[in-house]
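S.K.:
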Amino acid sequence: MDDRRRVILITDGDDYARRSVEFIAKEVGGRCITSSHGNPSALDGPVLVKLIKKAPHDPVFVMFDDSGFVGEGAGEKALKYVASHKDIEVLGIIAVAAKTRQAEWTRVNISIDRDGVLTPYGVDKYGLPEMDMGRVYGDTVYCLDELNVPIIVGIGDIGKMAKKDHYENGSPITRKAVDLILERSGFRDREQNEK
Numbered sequence: 367m368d369d370r371r372r373v374i375l376i377t378d379g380d381d382y383a384r385r386s387v388e389f390i391a392k393e394v395g396g397r398c399i400t401s402s403h404g405n406p407s408a409l410d411g412p413v414l415v416k417l418i419k420k421a422p423h424d425p426v427f428v429m430f431d432d433s434g435f436v437g438e439g440a441g442e443k444a445l446k447y448v449a450s451h452k453d454i455e456v457l458g459i460i461a462v463a464a465k466t467r468q469a470e471w472t473r474v475n476i477s478i479d480r481d482g483v484l485t486p487y488g489v490d491k492y493g494l495p496e497m498d499m500g501r502v503y504g505d506t507v508y509c510l511d512e513l514n515v516p517i518i519v520g521i522g523d524i525g526k527m528a529k530k531d532h533y534e535n536g537s538p539i540t541r542k543a544v545d546l547i548l549e550r551s552g553f554r555d556r557e558q559n560e561k
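In the numbering used here, the protein residues as written are 367 to 561.
1) Could you give the first and the last residue of the continuous alpha helix (DSSP H) run that contains ARG480?
2) I'd like the list of long-range same chain contacts for SER433, defined as Cβ closer than 6 Å, with 5 residues on each side in sequence excluded.
3) Please state whether the Cβ-Cβ distance between ILE524 and ALA461 is less than 8 Å.
4) Roughly how many whole angstroms lie between the Cα atoms of PRO538 and MET527?
5) Thinking C-alpha only, which one of PHE430, GLY395 and TYR492 is nearest PRO422?
6) Let me make sure I understand the geometry here. Which of GLY500, SER551, ARG556 and GLY411 has the alpha-carbon closest to that of SER450?
7) Please report how far the alpha carbon of LYS530 lies from the alpha carbon of PRO425, in whole angstroms.
8) Assign VAL428 to one of two classes, buried (16 or more other C-beta atoms within 10 Å of its C-beta) or exposed (fewer than that).
9) Short of 6 Å in beta carbon distance, which residues of its chain neighbour TYR533, apart from the five on each side in sequence? Order them along the chain.
10) Using beta-carbon positions only, say whether VAL507 and ILE454 come within less than 8 Å of one another.
11) Taking the straight line between their C-alpha atoms, what separation do you get for ASN475 and LYS420?
12) Determine the extent of the beta strand (DSSP E) in which LEU548 is found, giving its start and end residues.
13) Pick out whichever of GLU557, PHE553 and GLY522 has its Cα sitting closest to the Cα of THR540.
14) Mind checking which residues open and close the beta strand (DSSP E) that includes PHE427?
15) Which residue wins for smallest C-alpha separation from GLY439, given the options SER402, VAL415 and ASP505?
16) On the DSSP letters alone, give me the boundaries of the alpha helix (DSSP H) that TYR382 sits inside.
17) Select from LYS465, PRO495, GLY482 and PHE430 the residue whose C-alpha is nearest the C-alpha of TYR503.
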């Protein structure tokens, strides 16, 4: 029996992201670790793993944010710890673009632009397609290439993107990224089989 907790990691933790992620977690029957929000992240990996284990349902949504810190900041250290923990199964990561161009980027399997269109190109923080194929620039994405996860989805700034992802509208771009992760990771199939 696999007792690992199934999580979705999000590389953004400001108030807009928190509202959107809380809303979507509820919509899909999961749980959001609200205390993981912060700009920058305040909780370290061991604390986050304890909170994930206490969550009543999977998938568990966890936010990480380096607040523009160049290199490996607190958010990325915590993210790496959680992602590599033996009791955690990462279903996927939402890599959130930022305005940084400080050589902080990650490969993504796919991106979703602010109109909800899937694209092999990266997107910027406004959700507009970039010229780079499969690459997103952000401030909490430095370590993602080191992780072995089923899928990394690039999107613009959660809850924003010229209001196209606002939580009052149901954060449709972030929701699409979550749905893609739940589908591609096999989570939905397993959930059906367990019922």
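Just so it is clear, CB atoms sit at the ideal spot from N, CA and C, and this is done for glycine as well.
M.R.: In short:
1) Counting along the chain, ARG480 falls outside any alpha helix (DSSP H), and DSSP gives it neither H nor E.
2) Hits under 6 Å: ASN405 and PRO406.
3) In this structure, the beta-carbon distance from ILE524 to ALA461 does not fall below 8 Å.
4) In a straight line, the C-alpha of PRO538 is about 11 Å away from that of MET527.
5) The option with the nearest alpha carbon to PRO422 is GLY395.
6) Taking only the C-alpha atoms, the option nearest SER450 is GLY411.
7) Taken atom to atom, the span from the alpha-carbon of LYS530 to that of PRO425 is near 25 Å.
8) It counts as buried.
9) By the criterion of a C-beta distance shorter than 6 Å, TYR533 is surrounded in its chain by ARG385, SER386, PHE389 and GLY525, once the five residues flanking it on both sides are discounted.
10) With contacts defined by Cβ atoms closer than 8 Å, VAL507 and ILE454 do not form a contacting pair.
11) ASN475 and LYS420: Cα-Cα distance of roughly 30 Å.
12) In the DSSP assignment, LEU548 falls outside any beta strand (DSSP E) and lies within the alpha helix (DSSP H) extending over 538-550.
13) Closest by C-alpha distance to THR540, out of GLU557, PHE553 and GLY522, is GLY522.
14) DSSP places PHE427 inside the beta strand (DSSP E), whose first and last residues are 426-429.
15) Residue ASP505 is the option with its Cα nearest to GLY439.
16) Residue range 381-393 is occupied by the alpha helix (DSSP H) that includes TYR382.
17) Measuring from the Cα of TYR503, the nearest candidate turns out to be LYS465.
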